[in-house]
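So in the working numbering, the last one in the sequence shown is 451, and the numbering has no gaps at all.
For every residue, glycine included, the Cβ atom is placed at its ideal position computed from N, Cα and C.
Bear in mind the structure is a predicted one, so any value in this text is a computation, not a measurement.
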Amino acid sequence: MGAPISHFAPIHFLYFLLLSSPTILALNFSSLLSSFPDLSDFAALLSASAISSDLNHRTSLTLLAVPNSYLAASSDLTHRIPPSSLADLLRYHVLLQYLSPSDLRHISPSGKLVTTLFQTTGRATSDFGSVNITRNPLDGVVSVHSPVPFSSSNATVLTLLQNLPYNVSIFAVNALLVPYGFDLMASETRPPLGLNITKALIDGHNFNVAASMLSASGVVEEFEADEGGAGITLFVPTDTAFSDLPGTVKLQSLPADKKAVVLKFHVLHSYYPLGSLESIVNPVQPTLATEDMGAGSFTLNISRVNGSVGINTGIVQASVTQTVFDQNPVAIFGVSEVLLPREIFGNNPMMTAKPRNEIVANAHPPEGMAMSPESNGPPLHLSSPPGYREEIRSVATANGGVNFFLTLCSCCCIALYLIQ
Numbered sequence: 032m033g034a035p036i037s038h039f040a041p042i043h044f045l046y047f048l049l050l051s052s053p054t055i056l057a058l059n060f061s062s063l064l065s066s067f068p069d070l071s072d073f074a075a076l077l078s079a080s081a082i083s084s085d086l087n088h089r090t091s092l093t094l095l096a097v098p099n100s101y102l103a104a105s106s107d108l109t110h111r112i113p114p115s116s117l118a119d120l121l122r123y124h125v126l127l128q129y130l131s132p133s134d135l136r137h138i139s140p141s142g143k144l145v146t147t148l149f150q151t152t153g154r155a156t157s158d159f160g161s162v163n164i165t166r167n168p169l170d171g172v173v174s175v176h177s178p179v180p181f182s183s184s185n186a187t188v189l190t191l192l193q194n195l196p197y198n199v200s201i202f203a204v205n206a207l208l209v210p211y212g213f214d215l216m217a218s219e220t221r222p223p224l225g226l227n228i229t230k231a232l233i234d235g236h237n238f239n240v241a242a243s244m245l246s247a248s249g250v251v252e253e254f255e256a257d258e259g260g261a262g263i264t265l266f267v268p269t270d271t272a273f274s275d276l277p278g279t280v281k282l283q284s285l286p287a288d289k290k291a292v293v294l295k296f297h298v299l300h301s302y303y304p305l306g307s308l309e310s311i312v313n314p315v316q317p318t319l320a321t322e323d324m325g326a327g328s329f330t331l332n333i334s335r336v337n338g339s340v341g342i343n344t345g346i347v348q349a350s351v352t353q354t355v356f357d358q359n360p361v362a363i364f365g366v367s368e369v370l371l372p373r374e375i376f377g378n379n380p381m382m383t384a385k386p387r388n389e390i391v392a393n394a395h396p397p398e399g400m401a402m403s404p405e406s407n408g409p410p411l412h413l414s415s416p417p418g419y420r421e422e423i424r425s426v427a428t429a430n431g432g433v434n435f436f437l438t439l440c441s442c443c444c445i446a447l448y449l450i451q
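Right, dumping it as structure tokens:
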């Protein structure tokens, strides 16, 4: 085993992270790892790969970080592969789901399949952009490996480094993970697409209203500028969807800034081919409007319903009706309804899709997003070097003090109110 990770985050830094959780997504992983000297090499790789733009808008993430002592075994690999391939390799260590220590304790022996950021690029073969997480019921060791049986690339979870409910977890693992079938010498053959989105919609013959609104608002230029990086996914209402809007919805009467927000509400800041949407792990997805208006707002709930992709805004239930364009890094899908955000149209009654696209299932919050404290279950038996658990316990004690302090303050405020 390599040398243990030392110099955990100072207590005041943990206080800051805990007390500022609503804005935690403004921090990238490089910042979170800066307090761990034994993760400096992995943090440097993350910074050099420039994948931070893929991360900032996401609300639930788990990072599998490789300490310097273990990363050294893969130094030849990380130095010889092209930067684009290295970026995809690091994306494979970003799980698109918040996993707490309790979640790992309750993983069944058959394992849990979790999508990674690499899967969203469209460059992963089949579901090889996912990882299978298993837990040995005898010794409690948690392992991460490819969903392909007998894959040569696997890692053991060493310990929890950071746990910021319910947004970010960081675990240390003892090896760099390589996706099955990953071409280590392949370069990213994806030049900027330069797609004219308005023209693509007009060529679709059923999206003239959306094309007109996008052109008039000016946001289409912003969408096209975002084609680089992680790409974009657009949900475009059909002309029929606009004509079927209830008279109470004055979409065209909105101020220009709010109309732009509604249009951005139809766009995800990542490329999702149809297959990825159908198997999406975290159904609650931020939109471009989320980036403008704040974390947790203007999100879409995406799930597979009745054999198609369903989209729930909180007041509108719609479905994907067709693929208009799909070429990495841009996906454009036709949808049955105008996606109205509850933050703007919340006073309108629930509007469901017409019977031709009826969606009967209710949207559910993503797994791991339940806003309740972690249960005090049995300890998480992770394979870790000496000294890891002692440091974790000290951090947990500090976190408990913060929670007690906040609870005490709340009780005092209630008591003062009742006395008055």
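Cβ neighbour criterion (16 or more within 10 Å) applied to residue i
i	result
Q283	exposed
G153	buried
V391	Reliability of the predicted coordinates at V391 is poor, the pLDDT of 29 falling under 50, and the value obtained from them is presented with this limitation in mind. Counting Cβ neighbours within 10 Å, V391 comes out exposed, since fewer than 16 surround it.
T269	buried
R111	exposed
A103	exposed
S200	buried
L135	buried
P277	exposed
E374	buried
A81	exposed
T151	buried
S350	buried
I228	buried
T279	exposed
D288	exposed
D85	buried
V250	buried
Residue nearest to residue i in terms of C-alpha spacing, selected from the options
i	options	result
N337	M324, T352, F60, F329	T352
S367	N343, I375, A272, L276	A272
N163	A320, M244, L208, N343	L208
L371	F266, D85, D170, A118	F266
D275	A118, T156, S174, V369	V369
Y129	L148, L120, H297	L148
Start and end residues, alpha helix (DSSP H) containing residue i
i	result
G341	Note, G341: premise wrong, no alpha helix (DSSP H); beta strand (DSSP E) at 339 to 343.
T321	319 to 324
Beta-carbon separation (whole angstroms), residue i vs residue j, contact threshold 8 Å
i	j	result
P314	S328	About 16 Å; that fails the 8 Å criterion.
P484	P168	With the chain represented from 32 up to 451, any question about residue 484 goes unanswered, as that position is not in the structure.
L189	V204	6 Å
L126	T156	Incorrect: roughly 19 Å between the Cβ atoms, too far for contact.
I346	F376	6 Å
S131	N194	6 Å
T318	F296	5 Å
Residue range of the beta strand (DSSP E) that includes residue i
i	result
L207	That residue, L207, is in no beta strand (DSSP E); it is neither H nor E in DSSP.
H176	173 to 176
K143	143 to 146
P114	Looking at the DSSP string, P114 is not in any beta strand (DSSP E); the run it does join, the alpha helix (DSSP H), is 114 to 122.
A186	185 to 195
T330	330 to 336
S182	No beta strand (DSSP E) contains S182, which DSSP labels as neither H nor E.
P132	Unbroken run through P132 is the alpha helix (DSSP H), 132 to 136; no beta strand (DSSP E).
DSSP three-state assignment for residue i, whether helix, strand or coil
i	result
A79	helix
S248	helix
S367	coil
I311	coil
I201	strand
N163	strand
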